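Working notes, beginning with the structure itself.
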Amino acid sequence: MKQNGVKVMANTNDLLNRINSKYSAMSKGQKLLAAYITDNYDKAVFLTAAKMGETVGVSESTVVRFAMNLGYKGYPEFQKALEELVRNKLNSVQRMEVTYGRISQSKILESVLQSDADKLKTTLEKIDHNAFELAVDTILEAKNIYVVGIRSCAPLASFLSFYLNLMFDNVRLLHTNSSSEIFEQMVRIDENDVIIGISFPRYSMRTLKALEFANNRNAKVITITDSVHSPMNLYSSCNLIADSDMASIVDSLVAPLSVINALIVALCMKKQKEVAKTLTMLEEIWDEYQVYENDEIDYIDDSIKIHYAKLED
């Protein structure tokens with residue numbers, strides 16, 4: 006549908022609301038920008054102010070004034086709002102096309118590593134330290150700890166639950182083949198429990214439903230996601246925000262993994278005696294059942310024996 010000549014999506018965000026509310030008072034050039042952005046937000050998000058002006062047929066200064074007229078401090082802040090709009094809209098093919106369009110083959114290694122480093126830096130700058138401490142305390146106080154992550158976030162959930170199991174005996178990693186299976190595993194969740202939901206664009210509906218179910222049962226909800234605007238935060242009381250790459254062939258989850266590492270270390274520091282006792286027990290078990298080194302050493306020793314047997318012959 007259209008309002009004031011501007012195409013409006015059924016699910017609008019703050020940026021589109023701002024555009025629509027100010028459209029009637031915009032100049033001709035700004036109206037052209039408004040129309041282009043609402044119709045082509047998936048392309049506009051990757052344009053500089055100068056390039057957008059060139060594409061629409063207006064000056065760079067008009068683009069900057071357009072952003073400021075919408076209430077943003079400048080074009081960079083406007084572009085972040087635009088990123089929020091498209092964050093969950095790009096499909097896999099579009100993401101691949103965008104990535105190949107931006108990175109030359111010879112620069113892939115450098116570009117990807119630098120991009121991951123940038124995400125770690127921005128995550129450190131904007132993460133809520135109070136929320137982090139609240140997450141630690143909430144996990145420590147929980148009767149049961151549920152962890153859920155779907156698709157590319159599944160390894161993060163598995164990694165987190167593995168180390169939580171070294172500290173707690175009440176950790177449940179939710180298996181996620183279907184929504185009904187998730188609910189069956191959570192049927193006894195209540196106000197004494199906590200669920201940690203991990204989800205990044207494209208957001209998982211099954212993860213969201215799990216968090217909604219937990220919230221309805223008055224359980225504590227912790228989210229590890231990419232934005233304060235993430236739908237995962239609808240049901241959470243504690244949000245840990247980590248940057249990820251929305252326009253990439255492979256999801257960049259370096260920053261989320263780093264936040265999870267910090268969470269694990271913080272919990273270990275709170276439960277040093279329990280962790281030390283568990284690790285000591287595991288070391289004894291590993292030694293007794295030759296879980297690690299002994300298998301490799303025996304294999305090497307057998308090779309050496311064969312080698313010397315041949316020499317003796």
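This note's numbering applies: residue 6 is where the sequence shown begins, and numbers increase by one.
Just so you know, even glycine gets a beta-carbon here, dropped at the ideal spot from N, CA and C.
Everything numeric in this text was worked out from a predicted model, so none of it was measured.
- prompt: Would a C-beta distance cut-off of 8 Å place F83 and Q35 closer than the cut-off?
  reply: no
field: Residue range of the unbroken beta strand (DSSP E) whose run includes I246
entry: 243-246
message: Contact defined as beta carbons within less than 8 Å: I believe T230 pairs with N238. What is the distance between those atoms, to the nearest angstrom?
response: 7 Å
task: Alpha carbon to alpha carbon, how far is M57 from V176? Give it in angstroms, no decimals.
output: 50 Å
- prompt: So, is F167 buried or exposed, given that buried needs 16 or more other C-beta atoms within 10 angstroms?
  reply: exposed
task: Determine the contact status of K197 and K276, defining contact as a CB-CB distance below 8 Å.
output: Here residue 197 is Asn; the residue named in the question, Lys, does not match the sequence. The answer is no: Cβ separation not under 8 Å.
query: Below 8 Å, can you find three or more Cβ-Cβ pairs linking the segment 177-194 to the segment 275-291?
result: no
- prompt: Thinking C-beta only, is S249 closer than 8 Å to L258?
  reply: yes
task: Scan the segment 172-244 and note each continuous alpha helix (DSSP H) run of 4 residues or more that stays entirely inside, going in chain order.
output: 184-190, 210-221
task: Give, in chain order, every unbroken run of the alpha helix (DSSP H) that is at least 4 residues long and sits entirely within the segment 35-74.
output: 46-49, 54-61, 65-74
message: Between which residues of its own chain and A136 is the CB-CB distance below 7 Å, once the five residues before and five after are set aside?
response: C243, N244, L245
query: Taking the alpha helix (DSSP H) that I290 falls in, what are its first and last residues?
result: 277-293
task: For L52, collect the residues of the same chain with a Cβ closer than 8 Å to its Cβ; drop the 5 residues on either side in sequence, then sort them by chain order.
output: T60
task: On the DSSP bridge assignment, give the partners of G154 in chain order.
output: I203
query: Are the beta-carbon atoms belonging to I155 and R211 less than 8 Å from one another?
result: yes
message: Quick check on I290: buried or exposed, where buried means 16 or more other Cβ atoms within 10 Å of its Cβ?
response: exposed
Buried/exposed call for L287, threshold 16 Cβ in 10 Å: exposed
query: What residues in its chain sit with their C-beta under 8 Å from that of E172, if we drop five residues either side in the sequence?
result: Reading off the sequence shown, one finds Met at residue 172, where the question assumed Glu. Result list for M172: L272, C273, K276, E279, V280, T283, in chain order.
query: Can you name, in chain order, every residue of its own chain whose Cβ lies under 8 Å from the Cβ of L87, other than the five neighbours on each side?
result: L20, I42, Y46, A49, V50
query: Where does G62 land, buried or exposed, given buried means 16+ other C-beta within 10 angstroms?
result: exposed
query: By Cβ distance below 8 Å, which residues in the same chain neighbour S163 in space, the five residues on each side in sequence not counted?
result: G154, L178
message: On the DSSP letters alone, give me the boundaries of the alpha helix (DSSP H) that Y80 sits inside.
response: 80-91
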